[in-house]
Amino acid sequence: MKKNTSEKLINLLGVAAGNAILALAVVAFIVPAGIPMGGATGLGIAGNHFWGIRTSIIVFSLNSILLIIAWFILGKGFVKKTLLSTFIYPLFLELLQKIPGITTMTDNILLSAIFGGLLVGVSMGIVVRVGGSTGGTDIIAMMANKKTSLSVGVTVYMVDFVVLGIQASFSDMEQILYGIILTLLATVVIDKVVPNGKVSMQVMIISREYKNIQEKILQDIEAGVTLFHIQTGYSGEEQKGVMCVIPRHKLFALKEMVCETDPFAFLTIN
1 MKKNTSEKLI NLLGVAAGNA ILALAVVAFI VPAGIPMGGA TGLGIAGNHF
51 WGIRTSIIVF SLNSILLIIA WFILGKGFVK KTLLSTFIYP LFLELLQKIP
101 GITTMTDNIL LSAIFGGLLV GVSMGIVVRV GGSTGGTDII AMMANKKTSL
151 SVGVTVYMVD FVVLGIQASF SDMEQILYGI ILTLLATVVI DKVVPNGKVS
201 MQVMIISREY KNIQEKILQD IEAGVTLFHI QTGYSGEEQK GVMCVIPRHK
251 LFALKEMVCE TDPFAFLTIN
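Be aware that the sequence shown starts at 1, since it is given in full-length UniProt numbering, and climbs by one per residue.
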């Protein structure tokens, strides 16, 4: 199951595309309308209001702490993709702001909330689907998704509502209500883009490193494992295969683990 260059490139492009769409939502709709934001940016805005600390410092500090935790729970591959987001998201924000007329596309706050919510949902869904993160509180959602049956969208929804609640203490109530609309739309879209935990996948793995793979599935993926005897058709070699049934949202983590353990492993998914 050697992970080829094209697959890696597609994943990186997915992270880049998701960040570009997120930046578009922020620059074109959310900020011009003054709609409160969820996530790390929303916490940064609140921290700046209460303590005068620069928003960028709060966001960077929060992301750094979450990335350290994610390294142990979601793996280094996830952290690498999130690091990419950390750098390219501000770049997209800067570039999009220079496009003439982009901040004046509409003066209707309802339209801004609707299109902002749709774009935020699509952007986060794309990035999460390829196993990355836009940073901030969706890292929390990914970790909760791995450890519990909560979907990514529901977790993002809960965290963002807490952030919006904090901003409600100093924001206009009408803007807060539009922020809730934006968050609800984003939540629905994320769950349409990202598979939830209800769909199970049967995975069969053929590898000489079956013992290591078995241990990592039990400990890291937290799934049951069945070993079975096989005989290869080409050489007639006898060895063991690994079979497990996992929720679909854990499939990416499993593939990453198998690839790192044995790049030449053979894997089938049903």
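C-beta atoms are modelled at their ideal positions from N, C-alpha and C, and glycine is treated no differently. Since we're looking at a predicted model, the values are computed, not measured.
> DSSP beta-bridge partners for K240?
Replying inline: Residue mapping note: residue 240 aligns to position 240 of the sequence shown, counting from 1. Looking at the DSSP assignment, K240 forms a beta bridge with H229.
>> Please give the ranges of any alpha helix (DSSP H) in the region 117-160, keeping only runs that are unbroken, at least 4 residues long and fully inside the region.
In response: 137-147, all fully within the region 117-160.
>> Measuring alpha carbon to alpha carbon, tell me which residue in P36, F29 and S235 is nearest G179.
In response: As a position in the sequence shown, residue 179 is number 179, starting the count at 1. Checking every option, the nearest Cα to that of G179 belongs to P36.
>> What does the alpha-carbon distance come out to for the pair G224 and G131?
In response: Locating residue 224 in the sequence shown gives position 224, where the first residue counts as 1. Locating residue 131 in the sequence shown gives position 131, where the first residue counts as 1. Between G224 and G131, the C-alpha separation is close to 22 angstroms.
>> Can you find the residues in the same chain that come closer than 6 angstroms, C-beta to C-beta, to I139, ignoring five residues on each side of it along the sequence?
In response: Taking the sequence shown and counting its residues from 1, one reaches residue 139 at position 139. The residues are L66, A70 and S133.
>> Can you tell me whether G52 is buried or exposed? The criterion is at least 16 other CB atoms within 10 Å of its CB, across all chains shown.
In response: Here residue 52 corresponds to residue number 52 of the sequence shown, with the count starting at 1. With fewer than 16 other Cβ atoms within 10 Å, it is exposed.
> Roughly how many angstroms separate the alpha carbons of A186 and A168, rounded to a whole number?
Replying inline: On the sequence shown, position 186 is the one that residue 186 refers to. On the sequence shown, position 168 is the one that residue 168 refers to. Approximately 19 angstroms between the Cα atoms of the pair.
> Taking F29 as the reference, which of K146, G116 and I166 has the closest Cα?
Replying inline: Position 29 of the sequence shown, counted from the start, is the residue given in the question as residue 29. Check the Cα spacing between F29 and each of K146, G116 and I166: the tightest is with G116.
> Nearest-angstrom Cα distance between T82 and C259?
Replying inline: Taking the first residue of the sequence shown as 1, we reach residue 82 at position 82. Taking the first residue of the sequence shown as 1, we reach residue 259 at position 259. About 19 angstroms.
> Taking DSSP as the reference, what is the three-state secondary structure of P205?
Replying inline: Counting from one through the sequence shown, the residue named residue 205 turns up at place 205. According to the sequence displayed, residue 205 carries Ile and not Pro. Strand.
> Anyone know if the C-beta pair for L184 and V120 falls short of 8 angstroms?
Replying inline: Counted from its first residue, the sequence shown places residue 184 at position 184. Counted from its first residue, the sequence shown places residue 120 at position 120. No, they are not a contact pair.
>> Using a 10 Å radius around the Cβ and a threshold of 16 neighbouring Cβ atoms, would you call T137 buried or exposed?
In response: To locate residue 137, count along the sequence shown from 1; it is residue 137. Around the CB of T137, 16 or more other CB atoms lie within 10 Å, so the residue is classed as buried.
>> Can you check which of these residues, V154, F170, E209 and L150, is closest to F264 by C-alpha distance?
In response: Your numbering for residue 264 matches position 264 in the sequence shown. When each option's Cα is compared against that of F264, the closest is E209.
>> Spatial neighbours of V26 within its chain, please: C-beta separation below 7 angstroms, excluding the five flanking residues on both sides.
In response: On the sequence shown, residue 26 is found 26 positions in, with the first residue counted as 1. The beta carbon of V26 sits closer than 7 angstroms to the beta carbons of L93 from its chain, once the five residues preceding and following it are set aside; these are given in chain order.
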